[in-house]
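Protein chains: 2
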Amino acid sequence: MRAIATEVGVQAGALYNYTPDKQSLLFDLMEGHMTELLAAVPNKGAGAEGRLRAFVGFHIDFHFTRQDAVFISYMELRNLTPENFARVEALRRQYEDRLEQILRDGVDEGVFAVGDTKIATLAIIAMLTGVTTWFREGGRLSLEQVTAQYWDMVRRAVT
Amino acid sequence: MRAIATEVGVQAGALYNYTPDKQSLLFDLMEGHMTELLAAVPNKGAGAEGRLRAFVGFHIDFHFTRQDAVFISYMELRNLTPENFARVEALRRQYEDRLEQILRDGVDEGVFAVGDTKIATLAIIAMLTGVTTWFREGGRLSLEQVTAQYWDMVRRAVT
DNA sequence: GTCTATACCCCGATAGAC
DNA sequence: GTCTATCGGGGTATAGAC
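Just so you know, the protein sequences line up as chains F and X, in that order.
Reading the first sequence from the start, the letters are residues 278 to 436 in our numbering.
Reading the second sequence from the start, the letters are residues 278 to 436 in our numbering.
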């Protein structure tokens, strides 16, 4: 709280005019992040493969442009009350379900071949989110090039 | 430190007969973990594909049986001094290089097709390590079944 | 080697003046 | 709405008796 106060140029006590406590601040941040994510995730496209491609591009871009929120959401997750934790987890599961539905549809269409769609979902999300931990602009490759290779690997992994 | 002391049945002050401070304790734990990892990672096998398969199985098993160390290593990484952080990171990079060498060899052999081997390395490790965050024994699938599907996805992603 | 006691610091949060 | 001052609690680490 003191760090936030310094950052915005007030004293620590003054923050409590805007939030009842740190827990609420943390929860509002995470819930807002997840709500934005769910509102922005694409769900249209030509066929399961097109939708998966859109999902991969979206996930990398969204998380890269919000690295701070992603980092905080992960590191502070265990500081939430059990109720708040459960609410954030429920939103996260909703997001996973979006990807799993694409995979299921692809299997039904006969264009994808995955053993268990839930495992494939978690594997893909872990792989994509990992980009935020090492990618920095100005490096050897552009985010577009990185995204292209990730899409290529994801496509082959489920095709 | 108080939690550790309670766990082992002594008072907090008594721990300082075994470690000069918390920083050393943290660093020794992480360095030990990484050294074990590097000592245990398999490097032999029939061809790049066989070596990759062995790597996948090893990585999942090693990290699953050491979930606590993996969790601490990640959460406490930023509490290391810059020097200790750099040393742990160097070990981590050595481990990544083991996987990347397998991918490079596979490309040379003509059995793998990946754009950038470094990106593929990071993608695969992120995907595999993710298993530790959700897998619990007694669930719908055994660790062997999960490992089999991950290997299938990894194989297809790079083939 | 372990204990009790405590120093010192940082944290979240509150009280009350302005 | 913001300030200063402070409370209560937790943290790491140390001192000194046994």
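Even for Gly, the Cβ is constructed at its ideal location relative to N, Cα and C.
Output the distance between the C-alpha atoms of residue i and residue j, rounded to the nearest integer angstrom.
i: residue 299(X); j: residue 282(X); result: 12 angstroms
i: residue 323(X); j: residue 397(F); result: 27 angstroms
i: residue 383(X); j: residue 330(X); result: 12 angstroms
i: residue 431(F); j: residue 401(F); result: 7 angstroms
i: residue 377(F); j: residue 301(X); result: 43 angstroms
i: residue 361(F); j: residue 307(F); result: 10 angstroms
i: residue 353(F); j: residue 375(X); result: 32 angstroms
i: residue 296(X); j: residue 312(X); result: 20 angstroms
i: residue 350(X); j: residue 409(F); result: 18 angstroms
i: residue 363(F); j: residue 421(X); result: 29 angstroms
i: residue 289(F); j: residue 303(F); result: 16 angstroms
According to DSSP, is residue i part of a helix, a strand, or is it coil?
i: residue 321(F); result: coil
i: residue 343(F); result: coil
i: residue 409(X); result: helix
i: residue 288(F); result: coil
i: residue 389(X); result: coil
i: residue 298(F); result: coil
i: residue 279(F); result: helix
Consider the Cβ of residue i: report whether some Cβ of chain X lies at a distance smaller than 9 angstroms.
i: residue 368(F); result: no
i: residue 296(F); result: no
i: residue 305(F); result: no
Along the chain, where does the alpha helix (DSSP H) containing residue i start, and where does it finish?
i: residue 382(X); result: 359-386
i: residue 421(X); result: 420-435
Examine chain F for any beta-carbon lying closer than 9 angstroms to the beta-carbon of residue i, and answer yes or no.
i: residue 349(X); result: no
i: residue 427(X); result: yes
i: residue 357(X); result: no
i: residue 430(X); result: yes
i: residue 397(X); result: yes
Relative to the C-alpha of residue i, which residue among the options is closest?
i: residue 319(F); options: 372(F), 359(F) and 306(F); result: 372(F)
i: residue 390(X); options: 433(X), 316(X), 278(X) and 301(X); result: 433(X)
i: residue 292(F); options: 278(F), 305(F) and 360(F); result: 278(F)
i: residue 310(F); options: 360(F), 344(F), 375(F) and 427(F); result: 344(F)
i: residue 436(F); options: 415(F), 417(F) and 381(F); result: 381(F)
i: residue 340(F); options: 356(F), 403(F), 355(F) and 286(F); result: 403(F)
Please determine whether the Cβ atom of residue i lies at a distance below 8 angstroms from any heavy atom of the ligand NAD.
i: residue 279(F); result: Inclusion of the ligand NAD in the displayed structure is not the case, the ligand content being empty and no account of it being possible.
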